[in-house]
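Protein chains in written order, with my numbering: chain A, 1 to 637; chain B, 1 to 637. Worksheet: one structure, shown below.
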């Protein structure tokens, strides 16, 4: 069984040097296109004005054109009368100055006596209210340099200097070739049947990225993991394009043929880059074209593109690649990272009080939502072992700072009504965004204590008193002044497969030998509730199969139950309904938001509370089922 | 004669409030489009995942799928043999885990004994190398909120969550209507004849700006200044669009009908805004559509768009308008500005030493090159009387900081070879840009003295010694250590109309009564040369008609001569040739670059010198004619 072994792994820096060398293989031609469609294209040569702008001396105001000398001596007291058609000619802004005239008197400064004569009450000076020829652009002067990306403003300057067509660099043609027998084309997906293949989406993401970077992408349909098919496709297509991106097939698996094909038909410069995600990337040459192997996991694919392909495209155009705006932030927790590998950690960023905090999103290279939800990237350099909570670091922002400043940062337990809240907030107060992170109820209170968030969502039962949340505040928040506002009451219960095939009726059935359970993580309100209920029933947790296995959200638990991997998990009705599961009620609990008093006057936090109190929010919550909104929006502390 | 009088001028702030109110008239619909074409579009509602991603438990590695429990106890010393097809099944990354299996062992960790059996040397743990269903996206969970502008990443997330089509907000339809009898369509321009109309370019600039801001523009052909034509066009088109931009016709001229039409057919909310450029803008409503009157001067048009239309479009989409990156800079000179008016000063920005400096570009509202050449905008607030050289202010950047950092700032006398130099620099060292400003030779030395630039270009003759430039250094630069590098020798002479119709032969002919002259500004090398030559000939300057009238560049002088407004001006051969003028040589002069020693080791400055010394630069200079490159690139001090 033959499998690939990575060449000695290259540093990202070295890989970028190689990618820059590969850029040298691409030579863009010229093409002539209409100026009015040229925005975003790149000039192939300097552009020199064909004509001047304005193309003649012209009136800068509506009025009469005169020869200034003929008006000398005119005053309020001694107005001068000039004859129309001879000494004075009516003129509008932009019209050419008639021969012999050298000044314009504004319409509001003259008095027309009759159809032949006009009275002037102030002398004009030469060139008064005249735009001289070439005031803006002088014929033959350089309007734009070569290798300049055309803006809307440039379109105006080009038209004014006599251009209707312009020579620009051709777009580099980029072949995007997805490979893998495990993949299905999006258009072939039939949602009414269970999927057995993974939807191919990377090629479409790359397609859009290539367009944004000025290239001309062409996507090839999925090619199966077959040496000859991949090889023949590459050989037949290579000559038609400037650059090849081949997706997947460059890992260390047995059916990863990309490398051996390029080794045979071209040359490999790097295989395996010290970056995460993105390690399996490959740099090579085939038919004298650069070929870049893009890893198959979505985040890896995007990172490999952005680090290795985007700079190459900018270099080919001879343009400077703009960097993302950087912001100094504090990580909300310690994040160890592998020495010798540059890691691209996706983070949410929010300004809480006077400080910007970055909370890491899931690190898996398969999790594209870690990019779509991210506010930016925290680069952990290869010589670092990670970042620390107390140490300021830089984040490269995906979104403008204005957007990030509107993030209300909520940390705590997950609940489906938070999505509703986020959406209504956006509907009512568009700029404000509720950025929520699921770390469980206790995690939320700890984040609040550390000042990392504006509000925490908790549903922590105090087993001694039967009271929710408030008994925990003193212990976890100390003297911090907070308000507690009820979000909802919600039903917790056992989620089981549809039609309850194993006939569960209560928590006691979890003791059955044929029942496997999935638990929530320690510190989550659901876990505390479960332990409380088990204690009331005198059930020993270790007797439950799966008690030790933990998931972090209701939906993750529901999803495992739905897939049949486990039989039951404790969760909320809305999650069960979402995945079409049966639900056996166990208890009703209170879910509150805890908000430090110091943030209560911040407009964005006020708007969150207003939205919770809106009629529409309560209506939408009730529509989910399993919720009670009788105290929603009430101040409980 | 009826003419418009502005309504009481509105502050820009008030105008923005009105524009925001007008946004409320626009209600976007929904449309369903393919996901793979949806980048840049805006979601009309929150998007909830149709399916989970991955859609099943799948292998995260190539290898064999097993039930972890069946491998317990396996070690290097006591490998366990499992039967293929029963206890173990070969699996590739992304493939679904077969029923009953819950772990994957990597291909590199197993040994295949024969076609039926595999040896395992280490126990697998449950869920090892498995991507659980929904690891990335759980069905029903919110993938994207409403009013979200779709990125390439989002395309991936949407496809993975089962979407092939998606509902987005429709694009606001924007009618762009240029008006003015003085205008000509770009396509109707015939460059072989002299132009008598101004090329209409504003509508095409607005067209591109609307596209960038997510709208769907439609441009109407030019409509003449005719009340009924404009009115009928507006009435017939209004219902087809969401927003009307009418260009020009909103000034105070007699033929400015926009306002009276809107007054008659709708309502005017503002006419005349305290902004510069952009004052004549107008805000109104017609057929219940917002109508915005865009001034006719190009910079006014763009500023009015960016301040009043762009925010409206963002608001209609419920998106936050991203702000430009801001940079703190020092102005290179005092700039008085009108109290009560917000001025948008276009500036070049460069980092010289450790400081960022902003040099103002021409302020005229007709000068579009003041935008195309600008690195950013310096906003002078309405309550300020201007900016001061010594006071730090903020600039909003048009270009990324990376690009601005590569600006080599040159100030001084203008010469056509500087365009050649800038272009070659870009060809040889793409990121570096020579940003040059024409303020004359003395102006260059003063800028150098103040630390505003990296290098100055001068051709200052010392009449006493006949030496160029070096005698001036002590006087103007004091003890500053500098290098002087020759750029070129060039011929100065009288530029006269083609075929020299007035038969000029030398400077003496400037005394003739029938000859009008145009001079260069005081402090320019050309002016000093002229005065020197006149003195040698004992000519009294005041005897020359036009001696007191000044222009700032060779090309401006040449352009006036070419238009026939004057008969002669002193300038360089290349300028005369550019405009097809005759040239009567007067003198040869030395044009040098003066560079402070502290900048000589900066890479970007080094590259400028290298480029000057290149063979290609000298060749291209010689091709212009009128230059001598025998000392080009030589260090003269």
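Glycine included, every Cβ here is placed at the ideal spot set by N, Cα and C. Since the model is a prediction, treat every value here as computed from it, not as a measurement.
Please return the same chain residues whose Cβ sits closer than 6 Å to the Cβ of residue 41 (chain A), not counting the five positions on each side in sequence. What you label residue 41 (chain A) is simply residue 41 of the first chain in a count that begins at 1. The residues are 150 and 168.
Contact residues within the segment 600-619 of chain B, judged by C-beta distance below 7 Å to chain A: none
Top-ranked residue by Cα proximity to residue 192 (chain B), from A:613, A:337, A:55 and A:103: For the purposes of this step, residue 192 (chain B) is identified with residue 192 of the second chain, where counting begins at 1. Among A:613, A:337, A:55 and A:103, the Cα nearest to that of residue 192 (chain B) belongs to A:55.
Same chain, Cβ closer than 8 Å to residue 632 (chain A), five either side skipped, listed in chain order: Position 632 of the first chain, counted from the start, is the residue given in the question as residue 632 (chain A). Contacts found: 486, 487, 488, 612, 613, 617, 618 and 621.
How many whole angstroms separate the CB atoms of residue 58 (chain A) and residue 18 (chain A), which I take to be in contact at a CB cut-off of 8 Å? As a working note, residue 58 (chain A) is residue 58 in the first chain. As a working note, residue 18 (chain A) is residue 18 in the first chain. With a Cβ gap of about 56 Å, residue 58 (chain A) and residue 18 (chain A) do not count as contacting.
Going by DSSP in three states, residue 56 (chain A) sits in which element: helix, strand or coil? Looking up residue 56 (chain A) in the first chain gives position 56. Coil.
If contact is defined by three or more beta carbon pairs under 8 Å, each pair taking one atom from either stretch, is the segment 556-563 of chain B in contact with the segment 533-547 of chain B? no
Would you mind telling me which residues of chain B sit closer than 8 Å to residue 453 (chain A), beta carbon to beta carbon, in chain order? Residue numbering aside, residue 453 (chain A) sits at position 453 when the first chain is read from its first letter. Chain B residues near residue 453 (chain A): none, gap ~19 Å exceeds 8 Å.
Give a yes or no on whether the minimum CB-CB distance between residue 360 (chain A) and chain B is below 8 Å. As a first step, residue 360 (chain A) is located in the first chain; it is residue number 360 there, counting from the start. With 8 Å as the cut-off, residue 360 (chain A) does not count as an interface residue toward chain B.
Grab me the residues of residue 370 (chain A)'s own chain with a C-beta within less than 6 Å of its C-beta, minus the 5 sequence neighbours each way, in chain order. Position 370 of the first chain holds residue 370 (chain A). Correct list, in chain order: 346, 361 and 362.
Can the beta-carbon of residue 366 (chain B) be found closer than 8 Å to that of residue 298 (chain B)? As a working mapping, residue 366 (chain B) is identified with position 366 in the second chain. As a working mapping, residue 298 (chain B) is identified with position 298 in the second chain. It is a contact, given that the beta carbons lie within the stated cut-off.
Is residue 460 (chain A) helix, strand or coil when you go by DSSP? Looking up residue 460 (chain A) in the first chain gives position 460. The answer is coil: DSSP assigns residue 460 (chain A) none of H, G, I, E or B.
Distance between residue 181 (chain B) and residue 223 (chain B) (C-alpha atoms, nearest Å): As a position in the second chain, residue 223 (chain B) is number 223, starting the count at 1. As a position in the second chain, residue 181 (chain B) is number 181, starting the count at 1. Using only the alpha carbons, I get a separation of about 7 Å.
Determine, for residue 410 (chain A), whether the minimum Cβ-Cβ distance to residues of chain B falls below 8 Å. Taking the first residue of the first chain as position 1, residue 410 (chain A) is located at position 410. Answer no: the Cβ-Cβ gap between residue 410 (chain A) and chain B never drops below 8 Å.
Could you give the residue range of the alpha helix (DSSP H) that holds residue 591 (chain A)? As a first step, residue 591 (chain A) is located in the first chain; it is residue number 591 there, counting from the start. Where residue 591 (chain A) is concerned, there is no enclosing alpha helix (DSSP H), although the beta strand (DSSP E) it sits in stretches over 582-596.
For chain B, is any of its Cβ atoms less than 8 Å away from the one on residue 115 (chain A)? Start at 1 with the first residue of the first chain, and residue 115 (chain A) comes out as number 115. With 8 Å as the cut-off, residue 115 (chain A) does not count as an interface residue toward chain B.
Kindly indicate if chain B contains any beta-carbon less than 8 Å away from that of residue 552 (chain A). Here residue 552 (chain A) corresponds to residue number 552 of the first chain, with the count starting at 1. Output row for residue 552 (chain A): interface = no.
To the nearest whole angstrom, what separates the beta carbons of residue 132 (chain A) and residue 103 (chain A), a pair I think is in contact under 8 Å? Numbered from 1 along the first chain, position 132 holds the residue referred to as residue 132 (chain A). Numbered from 1 along the first chain, position 103 holds the residue referred to as residue 103 (chain A). Contact flag wrong, Cβ pair sits at about 12 Å.
Would you identify the three-state DSSP class for residue 635 (chain B), choosing helix, strand or coil? Translated into the one-based positions of the second chain, residue 635 (chain B) becomes position 635. Of the three classes helix, strand and coil, the one that applies to residue 635 (chain B) here is strand, per DSSP.
Residue-chain proximity (residue 185 (chain B), chain A), Cβ-Cβ < 8 Å: Locating residue 185 (chain B) in the second chain gives position 185, counting from the first residue. No, no contact with chain A.
Segment contact, 8 Å Cβ cut-off, at least three pairs: the segment 315-335 of chain B with the segment 420-434 of chain A: yes
Got a sec: which bits of the segment 23-43 of chain B sit with their beta carbon under 7 Å from any beta carbon on chain A, in order along the chain? 36 and 39
Given that residue 56 (chain B) touches chain A, what residues does it touch there, using C-beta distances under 8 Å? The residue labelled residue 56 (chain B) in the question sits at position 56 within the second chain. Those within 8 Å of residue 56 (chain B) in chain A are 194, 195, 196 and 563.
Using the DSSP secondary-structure output, state which residues sit across from residue 361 (chain B) in a beta bridge. One-based indexing of the second chain puts residue 361 (chain B) at position 361. In the DSSP output, where bridge partners are listed per residue, residue 361 (chain B) has none listed.
Please state whether DSSP places residue 350 (chain A) in a helix, a strand or coil. For this step, residue 350 (chain A) is matched to residue 350 along the first chain. In the structure shown, residue 350 (chain A) sits in a strand (DSSP, three-state: E or B).
Return the first residue and the last residue of the alpha helix (DSSP H) that residue 531 (chain B) is part of. Counting from 1 along the second chain, the entry for residue 531 (chain B) is found at position 531. Per DSSP, residue 531 (chain B) belongs to the alpha helix (DSSP H) from 525-536.
With a cut-off of 8 Å, do at least 3 Cβ pairs link the segment 133-141 of chain B to the segment 204-211 of chain B? no
Does chain B have any CB closer than 8 Å to the CB of residue 290 (chain A)? The residue labelled residue 290 (chain A) in the question sits at position 290 within the first chain. No, its Cβ sits nowhere closer than 8 Å to a Cβ of chain B.
Given this structure, state the Cα-to-Cα distance separating residue 526 (chain B) from residue 604 (chain B), to the nearest angstrom. Position 526 of the second chain, counted from the first residue, corresponds to residue 526 (chain B). Position 604 of the second chain, counted from the first residue, corresponds to residue 604 (chain B). Each residue's Cα considered, the two are about 29 Å apart.
Per DSSP, residue 336 (chain B) forms a beta bridge with which residues? Walking along the second chain from the start, residue 336 (chain B) turns up at place 336. For residue 336 (chain B), which the question treats as bridged, DSSP gives the partners B:386.
Can you pull the chain A neighbours of residue 593 (chain B), defined as C-beta to C-beta under 9 Å? The count along the second chain starts at 1 and reaches residue 593 (chain B) at position 593. Near residue 593 (chain B) there are no residues of chain A at all, since even the closest Cβ is about 19 Å away, more than 9 Å.
Using three-state DSSP, classify residue 217 (chain A) as helix, strand or coil. Along the first chain, one-based indexing puts residue 217 (chain A) at 217. DSSP places residue 217 (chain A) in strand when its eight states are reduced to three.
For residue 293 (chain A): DSSP bridge partner residues: Reading the first chain from its first residue, position 293 is the one you call residue 293 (chain A). A:246 and A:282.
Closer than 6 Å by C-beta to residue 89 (chain B): which residues in its own chain qualify, once you throw out the five before and the five after it? Chain order, please. Your numbering for residue 89 (chain B) matches position 89 in the second chain. Correct list, in chain order: 65 and 98.
Quick check: the Cα distance between residue 22 (chain A) and residue 309 (chain B), rounded to an integer number of angstroms? Locating residue 22 (chain A) in the first chain gives position 22, where the first residue counts as 1. Locating residue 309 (chain B) in the second chain gives position 309, where the first residue counts as 1. If I take the Cα positions, the gap works out to 43 Å.
Can a CB atom of chain A be found closer than 8 Å to the CB of residue 547 (chain B)? Numbered from 1 along the second chain, position 547 holds the residue referred to as residue 547 (chain B). Cβ-Cβ to chain A under 8 Å: no for residue 547 (chain B).
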